[in-house]
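Undergrad: This structure is in structure tokens; I'll ask about it shortly.
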Amino acid sequence: MTTKLPVSSLLANRAAALREAAGYAAGRSPEADVAQALRATRQVDRRLAFSGDHTVIALAGATGSGKSSLFNAISGTQLALPGVKRPTTGRAMAAVWGRTMPDDLLDWMEVPLRHRLDAGATQLDGLVLLDLPDHDSTAVSHRTEVDRLVRLVDGLIWVLDPQKYADNALHEGYLSRFSAYADVMLVVLNQSDKLSPIDLAAAREHLRTLLSAEGLDKAKVLTTSALTGDGVAALQAEVAALVKTKRLAAARLLHDVEAGALALSGDLNRNRNRRVSDERAGKLVAALSSAAGVAQVSDAVRQSTRIRGGVATGWPLLSWIGRLRPDPLKRLHLGALLPGTRVTATSDSTVNAADNTAQRTALRSSDVQRAQVSTALRDLSDDVSPGLSLGWAKAIRQASLSHEAALSDELDAAVATTDLGTSAAIGWWRLVRVLQWGLLAIAVLGLAWLGSGPITEYFGMKPLPRPMWHDTPVPTWLFGGALLAGFLLGLLVSFGVRISANNRAAKATAALQQSVRRVADQAVLIPVNTELERYARFVAALARALP
Ligand SMILES: Nc1nc2c(ncn2[C@@H]2O[C@H](COP(=O)(O)OP(=O)(O)OP(=O)(O)O)[C@@H](O)[C@H]2O)c(=O)[nH]1
Ligand SMILES: [Mg+2]
3 MTTKLPVSSL
13 LANRAAALRE
23 AAGYAAGRSP
33 EADVAQALRA
43 TRQVDRRLAF
53 SGDHTVIALA
63 GATGSGKSSL
73 FNAISGTQLA
83 LPGVKRPTTG
93 RAMAAVWGRT
103 MPDDLLDWME
113 VPLRHRLDAG
123 ATQLDGLVLL
133 DLPDHDSTAV
143 SHRTEVDRLV
153 RLVDGLIWVL
163 DPQKYADNAL
173 HEGYLSRFSA
183 YADVMLVVLN
193 QSDKLSPIDL
203 AAAREHLRTL
213 LSAEGLDKAK
223 VLTTSALTGD
233 GVAALQAEVA
243 ALVKTKRLAA
253 ARLLHDVEAG
263 ALALSGDLNR
273 NRNRRVSDER
283 AGKLVAALSS
293 AAGVAQVSDA
303 VRQSTRIRGG
313 VATGWPLLSW
323 IGRLRPDPLK
333 RLHLGALLPG
343 TRVTATSDST
353 VNAADNTAQR
363 TALRSSDVQR
373 AQVSTALRDL
383 SDDVSPGLSL
393 GWAKAIRQAS
403 LSHEAALSDE
413 LDAAVATTDL
423 GTSAAIGWWR
433 LVRVLQWGLL
443 AIAVLGLAWL
453 GSGPITEYFG
463 MKPLPRPMWH
473 DTPVPTWLFG
483 GALLAGFLLG
493 LLVSFGVRIS
503 ANNRAAKATA
513 ALQQSVRRVA
523 DQAVLIPVNT
533 ELERYARFVA
543 ALARALP
């Protein structure tokens with residue numbers, strides 16, 4: 003019966019965190035780093051899916067170092083063919099100790115040559131030993147095979163020989179890459195029979211120094227001779243110890259996950275709680291407001307209110323002249339919002355309203371205003387990007403520009419659909435209007451009274467009485483007084499109209515700015531903050547994946 007790998011929840015948690023981080027980093031962090039992280043998590047999934055009873059350890063090293071000979075020595079077989087002709091081994095071969103053959107595992111590793119051995123009293127039950135081709139082979143196929151398998155195995159035995167152990171190509175080109183894997187690695191100096199005991203001790207010391215310099219000081223170093231069998235038992239014991247813990251696979255995978263996390267950590271920055279500041283958002287809204295013509299519309303509201311207020315409350319004998327003046331709101335195509343044709347803006351229609359070609363104003367933003375918007379957008383993304391890597395900064399910039407093409411249409415639609423507060427009539431205007439017409443009626447009455455003489459005479463009636471007040475006939479008082487009062491009232495009320503106009507302009511400005519703010523939210527602030535949120539999640543996930 004096979005059991006699942008006794009893998010610590012640490013590995014599972016870290017792998018999950020790394021997968022999450024890689025997901026967030028996709029398209030932001032360098033592609034190769036994201037790929038490495040995802041490869042590591044995939045490897046965890048796949049390796050964990052296989053039998054946890056087996057530990058795969060590979061013999062790796064340069065050609066002629068004695069990998070195949072050690073394979074035979076450890077297994078007590080002649081399965082591998084050590085050769086004089088170099089390189090000899092071309093395909094990996096597996097020896098499996100125990101009663102079951104982990105075919106699924108070896109299929110995944112694509113190792114077709116497999117032999118099962120009885121573990122007997124060897125303590126090697128569960129070991130899958132691989133004889134690999136030479137890692138620095140002249141044959142490309144050998145190198146590819148080694149590179150592929152070295153990624154998949156649980157542990158490694160690096161076989162060196164006295165002639166080549168200090169070879170730079172070996173250390174800098176290959177071994178140093180495994181510095182993080184020192185605890186799942188044994189380093190074996192083979193062919194010890196070729197050196198005198200003193201030279202062997204010196205070589206071993208030298209090798210230790212070289213390994214330390216490459217961060218591999220934790221790796222165990224052994225000396226063996228496949229020819230004489232010297233040190234083979236000790237090597238077997240080390241291998242048996244690795245197999246016994248059954249933690250080798252988990253340890254190796256954990257290193258892979260950590261390496262993946264480290265690759266992405268170049269994009270870590272301590273400041274993960276980035277948000278667009280209120281100040282920046284305010285500046286953006288100001289630039290957008292300017293481009294959207296908020297001031298112009300607000301002015302038009304003021305003018306329009308004054309004209310209409312004048313017509314409504316002015317002296318009727320003069321106020322009709324105001325009707326001849328064009329309404330500035332209508333000139334901006336905002337006349338739909340004047341009394342009688344009420345259009346209400348809904349909060350979420352602002353962005354989509356851009357499709358509605360009927361809702362367009364005659365406002366056009368200038369090049370200067372457009373440049374101000376561009377600057378505000380750039381400042382905003384620059385503001386939240388310091389310390390971020392290029393990929394993330396670029397993603398934030400792109401988020402800030404995601405709606406740029408449609409921005410002016412969206413703003414225009416937002417202005418066109420904003421309720422400017424000009425539709426409702428102003429109460430006291432009506433009162434004044436009634437008063438004005440009343441006064442005019444009194445004046446007409448006075449005039450009629452004054453001119454009533456010929457009419458009453460014509461009809462043979464008694465002339466109307468003509469009471470006097472302060473030596474002047476009352477009808478004259480009525481006529482002159484009402485006219486003067488109407489004129490003066492119109493004059494007086496024009497100050498009130500001015501206040502109304504200013505109030506309405508201020509309210510319109512506020513309403514327009516709110517509409518512009520909604521566009522800024524939808525088109526810029528939400529996309530940018532979403533990207534920043536993504537970065538925060540990336541940092542949090544990566545922190546959980548890192549040691
Ligand atoms: N003296 C001595 N010779 C050894 C020892 N181990 C291996 N040899 C010889 O070294 C040569 C190469 O050995 P292999 O085991 O084929 O080496 P390898 O690392 O498998 O080589 P490739 O398959 O080409 O990568 C053979 O002639 C072996 O007999 C050893 O410990 N001492
Ligand atoms: Mg070989």
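For our numbering, count along the sequence shown from 1 and bump the result up by 2.
Ideal Cβ positions, reconstructed from N, Cα and C, are used throughout, including at glycine.
1) Between residue 45 and residue 234, what straight-line distance do the alpha-carbon atoms span, to the nearest angstrom?
2) With distances taken between CB atoms, is the gap from residue 76 to residue 151 smaller than 8 Å?
3) Using CA coordinates, which residue listed in 411, 41, 31 and 264 is at the minimum distance from residue 522?
4) Please determine whether the Cβ atom of residue 542 lies at a distance below 7 Å from any heavy atom of ligand 2.
5) To the nearest angstrom, report how far apart residue 215 and residue 538 are at their CA atoms.
6) Here's the rule I'm using: 16 or more other beta-carbon atoms within 10 Å means buried, otherwise exposed. How should residue 299 be labelled?
7) Please report how far the alpha carbon of residue 13 lies from the alpha carbon of residue 39, in whole angstroms.
8) Check the C-beta distance from residue 533 over to residue 401 and give it rounded, since I have them as a contact under 8 Å.
9) Can we count residue 165 as close to ligand 1, meaning its CB is less than 7 Å from some heavy atom?
10) Identify whether residue 352 lies in helix, strand or coil by the three-state DSSP scheme.
11) Could you give the uninterrupted runs of the beta strand (DSSP E) lying entirely in the stretch 398–424, keeping only those of 3 residues or more?
12) I'd like the span of the alpha helix (DSSP H) that includes residue 21, first residue to last.
13) Any residue with its C-beta under 5 Å from a non-hydrogen atom of ligand 2 counts. Can you list them all in chain order?
14) Please look up how many angstroms separate the CB atoms of residue 57 and residue 157, rounded, as I've assumed it's under 8 Å.
15) In chain order, what residues of the same chain lie with their CB nearer than 8 Å to the CB of residue 168, ignoring the 5 residues before and after it?
16) Please identify the residue among 125, 104 and 124 whose C-alpha is closest to the C-alpha of residue 115.
17) Since residue 185 and residue 253 should fall inside the 8 Å C-beta cutoff, what is the C-beta to C-beta distance between them, to a whole number of angstroms?
18) Which same chain residues, not among the five before or five after residue 270, have their C-beta less than 7 Å away from its C-beta?
19) Following the continuous alpha helix (DSSP H) through residue 57, name the residue where it begins and the one where it ends.
20) Tell me the start and end of each unbroken beta strand (DSSP E) in the stretch 134–200 that is at least 3 residues and wholly inside, in chain order.
21) Label residue 471 either buried or exposed according to how many other C-beta atoms from any shown protein chain fall within 10 Å of its C-beta, with 16 as the threshold for buried.
22) For residue 121, which three-state DSSP category applies?
23) Should residue 177 and residue 134 be called a contact, given that it needs their Cβ atoms to be closer than 8 Å?
24) Pull up the distance between the alpha-carbon of residue 363 and that of residue 332, whole angstroms please.
25) Can you tell me whether DSSP reads residue 318 as helix, strand or coil?
26) By how many angstroms is the C-alpha of residue 391 removed from the C-alpha of residue 549?
27) Would residue 160 be called buried (16 or more neighbouring beta carbons within 10 Å of its own) or exposed?
28) Tell me the rounded alpha-carbon separation between residue 94 and residue 113.
29) Can you give me the C-alpha to C-alpha distance between residue 52 and residue 248, rounded to a whole angstrom?
30) Within 7 Å: the Cβ of residue 199 and any heavy atom of ligand 1?
31) Does residue 349 pass the burial test, meaning 16 or more other C-beta atoms within 10 Å, or should it be called exposed?
32) Quick one: what does DSSP say residue 96 is sitting in, helix, strand or coil?
33) For ligand 1, is there any heavy atom lying closer than 7 Å to the beta carbon of residue 2?
34) Any heavy atom of ligand 1 within a distance shorter than 7 Å of the CB on residue 606?
35) Taking 7 Å as the cut-off, does the CB of residue 1 come closer than this to any heavy atom belonging to ligand 1?
36) Closer than 7 Å to a non-hydrogen atom of ligand 1 - does that hold for the CB of residue 125?
TA: In short:
1) Position 43 of the sequence shown holds residue 45. Position 232 of the sequence shown holds residue 234. Rounded to the nearest angstrom, the two C-alpha atoms are 32 Å apart.
2) In the sequence shown, the residue the question calls residue 76 occupies position 74. In the sequence shown, the residue the question calls residue 151 occupies position 149. Not in contact: residue 76 and residue 151 (Cβ atoms no closer than 8 Å).
3) On the sequence shown, position 520 is the one that residue 522 refers to. Residue 411 is the option with its Cα nearest to residue 522.
4) Taking the sequence shown and counting its residues from 1, one reaches residue 542 at position 540. Residue 542 has its Cβ no nearer than 7 Å to any heavy atom of ligand 2.
5) Within the sequence shown, residue 215 is the residue found at index 213, counting from 1. Within the sequence shown, residue 538 is the residue found at index 536, counting from 1. Looking at the two C-alpha atoms, the distance is approximately 37 Å.
6) The sequence position of residue 299 within the sequence shown is 297, counting from 1. Around the beta-carbon of residue 299, 16 or more other beta-carbon atoms lie within 10 Å, marking it buried.
7) Here residue 13 corresponds to residue number 11 of the sequence shown, with the count starting at 1. Here residue 39 corresponds to residue number 37 of the sequence shown, with the count starting at 1. CA-to-CA, the gap between residue 13 and residue 39 works out to about 14 Å.
8) In the sequence shown, counting from the first residue as 1, residue 533 sits at position 531. In the sequence shown, counting from the first residue as 1, residue 401 sits at position 399. Contact between residue 533 and residue 401 holds: their C-beta atoms lie close to 4 Å from each other, under 8 Å.
9) In the sequence shown, the residue the question calls residue 165 occupies position 163. Not so, every heavy atom of ligand 1 lies at least 7 Å from the Cβ.
10) In the sequence shown, the residue the question calls residue 352 occupies position 350. With a pLDDT of 40 at residue 352, under the threshold of 50, the modelled position of this residue cannot be trusted; read the value that follows with caution. If DSSP states are grouped into helix, strand and coil, residue 352 belongs with the helices.
11) None, since the stretch 398–424 contains no complete beta strand (DSSP E) of that length.
12) As a first step, residue 21 must be located in the sequence shown, where it is residue number 19. Start and end: 11–27.
13) Result (chain order): 69, 70, 90 and 91.
14) For the purposes of this step, residue 57 is taken as residue 55 along the sequence shown, with counting starting at 1. For the purposes of this step, residue 157 is taken as residue 155 along the sequence shown, with counting starting at 1. Correct: roughly 7 Å between the Cβ atoms.
15) The residue you call residue 168 lines up with position 166 of the sequence shown. In the same chain as residue 168, and ignoring 5 residues on each side of it, the C-beta atoms closer than 8 Å to its own belong to 208, 209 and 212, in chain order.
16) Numbered from 1 along the sequence shown, position 113 holds the residue referred to as residue 115. Considering only alpha carbons, the answer is 104.
17) One-based indexing of the sequence shown puts residue 185 at position 183. One-based indexing of the sequence shown puts residue 253 at position 251. Sure, about 6 Å apart at Cβ, within 8 Å.
18) Residue numbering aside, residue 270 sits at position 268 when the sequence shown is read from its first letter. If you ignore the 5 residues before and after residue 270, its C-beta comes within less than 7 Å of the C-beta of 541 and 544, all in its own chain and listed in chain order.
19) The residue labelled residue 57 in the question sits at position 55 within the sequence shown. DSSP places residue 57 in no alpha helix (DSSP H) but in the uninterrupted beta strand (DSSP E) bounded by 57–63.
20) DSSP runs (the beta strand (DSSP E)) wholly in the stretch 134–200: 157–162 and 187–191.
21) Your numbering for residue 471 matches position 469 in the sequence shown. With a 10 Å radius around the Cβ and a threshold of 16 neighbouring Cβ atoms, residue 471 comes out exposed.
22) As a position in the sequence shown, residue 121 is number 119, starting the count at 1. The answer is coil: DSSP assigns residue 121 none of H, G, I, E or B.
23) Residue numbering aside, residue 177 sits at position 175 when the sequence shown is read from its first letter. Residue numbering aside, residue 134 sits at position 132 when the sequence shown is read from its first letter. Residue 134 is positioned such that its CB atom lies no closer than 8 Å to that of residue 177.
24) Locating residue 363 in the sequence shown gives position 361, counting from the first residue. Locating residue 332 in the sequence shown gives position 330, counting from the first residue. About 9 Å.
25) Translated into the one-based positions of the sequence shown, residue 318 becomes position 316. Reduced to three states, the DSSP call for residue 318 is helix.
26) Taking the sequence shown and counting its residues from 1, one reaches residue 549 at position 547. Taking the sequence shown and counting its residues from 1, one reaches residue 391 at position 389. Each residue's alpha carbon lies about 22 Å from the other.
27) Walking along the sequence shown from the start, residue 160 turns up at place 158. Label assigned to residue 160: buried.
28) As a position in the sequence shown, residue 94 is number 92, starting the count at 1. As a position in the sequence shown, residue 113 is number 111, starting the count at 1. If you take the alpha carbons of residue 94 and residue 113, they lie about 6 Å apart.
29) Numbered from 1 along the sequence shown, position 50 holds the residue referred to as residue 52. Numbered from 1 along the sequence shown, position 246 holds the residue referred to as residue 248. CA-CA distance, residue 52 to residue 248, rounds to 13 Å.
30) For the purposes of this step, residue 199 is taken as residue 197 along the sequence shown, with counting starting at 1. Checking the Cβ of residue 199 against ligand 1 gives no.
31) Position 347 of the sequence shown, counting from 1, holds the residue named residue 349. Note that residue 349 scores 40 on pLDDT, short of 50, meaning its location in the model is unreliable; the coordinates nonetheless yield the value given after this. Label assigned to residue 349: exposed.
32) Taking the sequence shown and counting its residues from 1, one reaches residue 96 at position 94. DSSP, read as helix, strand or coil, puts residue 96 in strand.
33) Residue 2 is absent from the structure shown; the chain starts at 3 and stops at 549.
34) A query on residue 606 cannot be resolved here, the shown segment of the chain reaching from 3 to 549 and no further.
35) The chain is shown only over 3 to 549; residue 1 falls outside these bounds and no answer can be derived.
36) Residue numbering aside, residue 125 sits at position 123 when the sequence shown is read from its first letter. It does not: the Cβ of residue 125 is nowhere closer than 7 Å to a heavy atom of ligand 1.
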